[in-house]
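If you use the numbering used here, the sequence shown corresponds to residues 694 to 934, in order. Ideal Cβ positions, reconstructed from N, Cα and C, are used throughout, including at glycine. All values reported here derive from a predicted model rather than from experimental measurement.
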Amino acid sequence: MIEIAAIDDLPSDARIEVASDARVLWEIAEGLTPYPAALARMEANVRAIRAGEEPERVWFVEHPPLYTAGSSAKPEDLQAPDRFPTFPAGRGGQWTYHGPGQRVAYVMLDLDRAHGSVPARDLRAYVRGLEEWLIRTLDRFNIKGERRPGRVGIWIADRAAGTEAKIGAIGVRVTRWVTWHGISLNLEPQLDHFEGIVPCGIREYGVTSLHALGIIVSMAELDAALAASWMDVFGSPLIRG
């Protein structure tokens, strides 16, 4: 079971044929996007993609400070319930924080077709593809991001100190084989904002960011790295929409 994925109504028959060279639009939201507005926008996009009315898309946003609860979130892991607004996310996974300085990428793909190294209708491969996207993006800044068995997300190890911290999170929902939600990557969020939750239900490890690691780049530079790394994994370029 992929605990970071919420799956609903995956049909085994009727499918929409999509050309293998179908475009994937790339949008960057201005300012801070309220979380309920993001959910409503994703849901509408997913319906339209499934109906063949819109192209697939990747939507980059930043949110105001907030906590979201995935389908496996435990009430006791929300340790500061009055600190920021909280929202049920509808994705898989547990608690996470979103806020300024963190890039969130909402990925809406039709898994009825293959995407680069990700075969059609293979949810595990899709999640691994999201991990690989983050790893390759970090590599462009000479940061070694790593997977950990049983701990979904991307981790940074400090082997000299014997510690590690999470820099990227993944949470996915799939509706009739169209994905939504996606990834978050910490550029320069206020890391103490994560202290109001147990991030992803993991108490033993902390969180970090590019700036905390001494990599002082802008959000625009991070976005460019994410866009460049996308094609390495998912096989087609992101087209600015």
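- In this structure, the CA atom of P882 is about 24 Å from the CA atom of G822.
- Going by beta carbons, E749 and R933 fall outside the 9 Å limit.
- Listed as beta-bridge partners of Q787 by DSSP are no residues whatsoever.
- If you draw a straight line from the Cα of I742 to the Cα of H808, it is about 15 Å long.
- Under the three-pair Cβ rule at 8 Å, the region 847-854 does not count as touching the region 772-779.
- In the DSSP assignment, N879 falls within the beta strand (DSSP E) that extends over 871-879.
- Take P781, set aside five residues on each side of it, and the residues of its chain with a beta-carbon closer than 6 Å to its own are A762, in chain order.
- Between R814 and G861, the alpha-carbon positions lie close to 24 Å from each other.
- In this structure, the alpha-carbon of G794 lies about 22 Å from that of E825.
- Fully contained in the region 764-852 are the following beta strand (DSSP E) runs of length 3 or more, in chain order: 779-781, 788-791, 795-801, 839-841, 844-851.
- Around L725, the same chain offers E755, H756, P757, P793 as residues with beta carbons nearer than 7 Å, after the five sequence neighbours per side are excluded.
- Straight through space, the alpha carbons of N835 and P892 are spaced by roughly 25 Å.
- Taking C-beta atoms under 8 Å as the contact rule, L884 and V900 qualify, at a distance of about 6 Å.
- Residue range 912-927 is occupied by the alpha helix (DSSP H) that includes V926.
- In the structure shown, the three-state DSSP call for Y728 is helix.
- The DSSP-derived three-state label of V891 is coil.
- Of the residues assessed, I909 falls on the exposed side of the cut-off, its CB having fewer than 16 other CB atoms within 10 angstroms.
- For I932, the enclosing beta strand (DSSP E) covers residues 931-933.
- For R896, no beta strand (DSSP E) segment is defined, and its DSSP state is neither H nor E.
- Here E736 carries a helix assignment [DSSP, helix/strand/coil].
- Cβ contact annotation for Y819 (same chain, cutoff 7 Å, sequence separation greater than five): L804, V811, T872, in chain order.
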